[in-house]
């Protein structure tokens, strides 16, 4: 493989670098670091890790968490960025190292497409809350609005203690469900489109488009702000949070160790699952980012630096979150367990409720939702960039789309996602969002993807061979630990995957609404549309080489494909394979969304 030649070809075709851009190669290492920080450090670090830590034994949770970081997180994270850097290709073409398993690239494309489609809704809701944060008092802090019911109350302690008897609902909950979501009765009640959310959705996609329309030339500049700004806000919120009454109790509740939790399997499963969620593994975007590195960039060192930043951010965010939850519990006179939330419940119910109790509430609301918006924005546009990179790698150069300018392809992808997102700004949109979140990029799909990535690199391509490739790039071989963990983490991935399958539970929204059977069928379509890419591609490649002896056929299909000198020099067979791969991905997505529309 000639990485330098492929690098030139790919830059000219995908990014359209200026002639003098090659003299600026060293500057891109910081672009890469900041892009990875922006992509991997996202909302899950703020709204999921602190809750898991509190739920699974406080500070004791750090033991299984850190063990899983070094056993599964860092090795697979390193695998993806090193693969992209060596192959100088995106998340699809990088798997030319073992063409029989190129379905891994297709699967990652499907998963990241789904993520790009539904994840942006968090930004839409955050933008909506931000727009309503410039008034005093905050609209969710009081009752008496057109969206409120007679059961609305601002006495949150009464809600916590008397909900099941009186039917009282907090003003924050009513603002969220009746004003923002305009929530219907179920998945089968689509209802009207929320015009305000459509405007927020359009504005968000326009921002994403202009962040990435020129490739890393435009995204690399924006990510410096979007990656750093959330840390500044987190520090400000931390300083303010620890000064509030009750904050210390919240932090103690967050870290108080419960050693008995270490004997529970769920604690270890939660630790492993959180690693793969927060490290953004299996989406192909890390591979795409790695492909923009200099060939001799020290990706081995980068993997440990980024892991430290990611996990450190998660741990620090817990202090920010639980100091405020401790304050809110003290103000309401309830136990912290009654106010602890994770996911959207923390971002759009618990934290807004806490902010409304603070002095200068609009200021802290603006800061929090601005941080939420920026924190999710870089994850969004880097994810879209990874998808675009894979699409351009897959498209035959002589095809209609393959001959278009990058800006046109980005516009088509953004518009397609925007159109699908319209189903999530309806009155039943939250149910559609939960369906995507629970199935399309769930623990099952990501663990399946990570498992096969390790199988292919460590056992099919060869761990020793891969380490030789890394040594060729960075000048020395990584520690033997990395090779053996890449080979052995299959057991961890398999165990966690089987645990998720065996303990599968029906999707329930807000602990009340149980999804109908046909909703679960649609969810299975979403999950299988990515998972089946791997076996279907294996079967297809074996079929097209069926005239060869089985052993020779498998050997041929697993021979790395060398880089061609020009973009248009693919043979007819390779051109057909590209069309088949692109068709498989689009057809899988078509089936899923056809089911949703029906």
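Numbering (full-length UniProt numbering), first residue to last: 1 to 598. Note that CB positions come from ideal geometry on N, CA and C, so glycine has one too.
Sorting 137, 138, 168, 139 by C-alpha distance to the C-alpha of residue 150 places 168 at the top. Inclusion of residue 209 and residue 380 in the CB contact set at 8 Å is not warranted, their separation being larger than that value. Your pair residue 110 and residue 530 checks out as a contact, with CB atoms roughly 4 Å apart and the cut at 8 Å. Sorting 513, 55, 541 by C-alpha distance to the C-alpha of residue 264 places 55 at the top.
Straight through space, the alpha carbons of residue 514 and residue 506 are spaced by roughly 7 Å. Per DSSP, the beta bridge partners of residue 169 are 152.
With at least 16 other beta carbons inside 10 angstroms of its own, residue 170 counts as buried. In the displayed model, residue 193 falls within a strand according to three-state DSSP.
For residue 406, the uninterrupted alpha helix (DSSP H) segment begins and ends at 406-421.
Distances from the CA of residue 146 to each of 303, 178, 275 were compared; the closest alpha carbon is that of 178.
No Cβ-Cβ contact shorter than 8 Å links residue 34 with residue 231.
The C-beta of residue 471 has fewer than 16 other C-beta atoms within 10 Å across all chains shown, which makes the residue exposed. Taken in chain order, the unbroken stretches of alpha helix (DSSP H) that lie wholly in the segment 283-334 and span 4 residues or more are 285-290, 299-332. In the DSSP secondary-structure assignment, residue 426 is bridged to 193. In this structure, residue 65 lies away from residue 266, with their beta-carbon atoms at least 8 Å apart. Under the 10 Å beta carbon count, residue 293 is surrounded by 16 or more other beta carbons and is classified as buried. Counting along the chain, the unbroken alpha helix (DSSP H) around residue 252 starts and ends at 247-255. Within its own chain, the residues whose Cβ lies closer than 7 Å to the Cβ of residue 251, once the five positions on either side in sequence are excluded, are 319, 322, 323, 326, listed in chain order. Annotated as distal: residue 201 and residue 374, with beta-carbon spacing of 8 Å or more. By the criterion of a C-beta distance shorter than 7 Å, residue 112 is surrounded in its chain by 283, 284, 285, 383, 386, 387, once the five residues flanking it on both sides are discounted. Per DSSP, reduced to three states, the secondary structure at residue 224 is helical. Within the same chain, 320, 324, 364, 367, 368, 371 come within 8 Å of residue 237 by CB-CB distance, once the 5 residues on both sides are set aside.
If you look at residue 494, you'll find it in the alpha helix (DSSP H) that goes 480-502. Rounded to whole angstroms, the separation of the alpha carbons of residue 451 and residue 137 is 50 Å. In this structure, 301 is the residue among 301, 271, 262 with its C-alpha nearest to the C-alpha of residue 32. In the three-state DSSP reduction, residue 279 falls in the coil class, being neither helix nor strand. Bridge pairing for residue 513: 509 [DSSP]. Residue 447 sits away from residue 486, with the two beta carbons spaced by 8 Å or more. Under the 10 Å beta carbon count, residue 30 is surrounded by fewer than 16 other beta carbons and is classified as exposed. About 6 Å separates the beta carbon of residue 204 from that of residue 127, a gap short enough to meet the 8 Å contact definition. Under the 10 Å beta carbon count, residue 340 is surrounded by 16 or more other beta carbons and is classified as buried. Between the alpha carbons of residue 467 and residue 484 lies a distance of about 11 Å.
The Cβ atoms of residue 455 and residue 100 lie no closer than 8 Å to each other.
In the three-state reduction of the DSSP assignment, residue 459 falls in the helix class, which pools H, G and I.
The three-state secondary structure of residue 134, taken from DSSP, is coil.
Cβ-Cβ distances below 8 Å link residue 438 to 507, 523 in the same chain, with the five nearest sequence neighbours on each side left out; the list follows chain order.
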